[in-house]
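J.:
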Amino acid sequence: MKLICIGRNYTEHIEELANERPEEPVVFIKPDSSVLPKEQDFYIPEFSKEVHYEVEVLVKIKKVGKHIDEKFAHTYYDEIGLGIDFTARDLQSKLKEKGLPWEKAKGFDGAAVIGRWLPKNRFENTNNMDFSLLKNDTVVQKGNTAHMLWKIDELISYVSTYFMLKKGDIIFTGTPAGVGKIQANDYLTGILEAQEMFHLKIK
Ligand code: ZN
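Numbering (our numbering), first residue to last: 28 to 230.
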């Protein structure tokens, strides 16, 4: 199982990190070992002093496919989730400066939070879903999938030209503005269309 992650998919988040607007989706992969086991606390790794949360809508792939045409992409998933792409921002900034890969900053153990899954037919339109992240009961990130630069079906088509998608693979579709640092004892809650999708404690 692989986690395919999209960077810079929401304009306001691109601006807050002073990144360039990409001409194509930014894609990276997290290993399966980065998945935080269910109901487990997240431990801030000792190699970082600045771990950021990035709340993201998730899509679970249900069958094998490559070179998927955008108009058939919807037949490759029927579950939607919400998760966090934890990022060691200090380490990532150093790697970016040197033009090096980001894996250490984004693929470390526990860096992928995957909440519960809901059938996509529970949503009227997956291209118009509100989601948010609460830190200690205060909303810190708020987004709507309508504001993605590349929508879910476009992303599936795009990534499948490079990576064969397999049953159980998960796509992290990018984060909206509002990313920020976590500290020990923080409590994070993810909401998708008014439903709680995950909650976790930071240690
Ligand atoms: Zn992300």
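All C-beta atoms in this analysis are idealised placements derived from N, C-alpha and C, irrespective of residue type, glycine included. Note that the coordinates shown come from a computational prediction; the quantities given were computed from them, not determined experimentally.
What did DSSP end up calling Leu127 once you bin it into helix, strand or coil?
T.: Position 100 of the sequence shown holds residue 127. Looking at Leu127 - three-state DSSP - the assignment turns out to be coil, as it is neither helix nor strand.
J.: Between the C-alpha atoms of Asn155 and Ala173, what's the straight-line distance to the nearest angstrom?
T.: For the purposes of this step, residue 155 is identified with residue 128 of the sequence shown, where counting begins at 1. For the purposes of this step, residue 173 is identified with residue 146 of the sequence shown, where counting begins at 1. Roughly 5 Å between the two C-alpha positions.
J.: Taking the Cβ atom as the reference point for each residue, do Gly34 and Leu192 lie within a distance shorter than 8 Å?
T.: If you number the sequence shown from 1, residue 34 lands on position 7. If you number the sequence shown from 1, residue 192 lands on position 165. It is not a contact, given that the beta carbons lie outside the stated cut-off.
J.: Going by C-alpha distance, which of Asn36, Arg48, Lys57, Glu42 is nearest Lys29?
T.: Here residue 29 refers to the residue found at position 2 when the sequence shown is read from its first residue. The shortest C-alpha separation from Lys29 is found at Lys57.
J.: If we ignore side chains and look at the alpha-carbon of each, how far apart do Lys147 and Lys125 end up?
T.: Sequence index remark: in the sequence shown, residue 147 carries index 120 (1-based). Sequence index remark: in the sequence shown, residue 125 carries index 98 (1-based). Cα to Cα, the separation comes out at about 40 Å.
J.: What's the C-alpha gap between Ile111 and Ser75?
T.: Locating residue 111 in the sequence shown gives position 84, counting from the first residue. Locating residue 75 in the sequence shown gives position 48, counting from the first residue. When rounded, the distance between both Cα atoms is 17 Å.
J.: Got a sec? Which residues, its chain only, sit under 6 Å from Pro72 by beta carbon, not counting five neighbours each side?
T.: Here the question's residue 72 lines up with position 45 in the sequence shown. The answer, listed in chain order, is Phe135.
J.: Does the distance from the C-beta atom of Asp180 to that of Glu97 stay below 8 Å?
T.: Here the question's residue 180 lines up with position 153 in the sequence shown. Here the question's residue 97 lines up with position 70 in the sequence shown. Taking 8 Å as the Cβ cut-off, Asp180 and Glu97 qualify as a contacting pair.
J.: Around the Cβ of Ala138, are there at least 16 other Cβ atoms within 10 angstroms (buried) or fewer (exposed)?
T.: Reading the sequence shown from its first residue, position 111 is the one you call residue 138. Flag for Ala138 reads buried.
J.: For Val166, count neighbouring Cβ atoms within 10 angstroms of its own Cβ and tell me buried if that reaches 16, exposed if not.
T.: Sequence index remark: in the sequence shown, residue 166 carries index 139 (1-based). Exposed is the call here.
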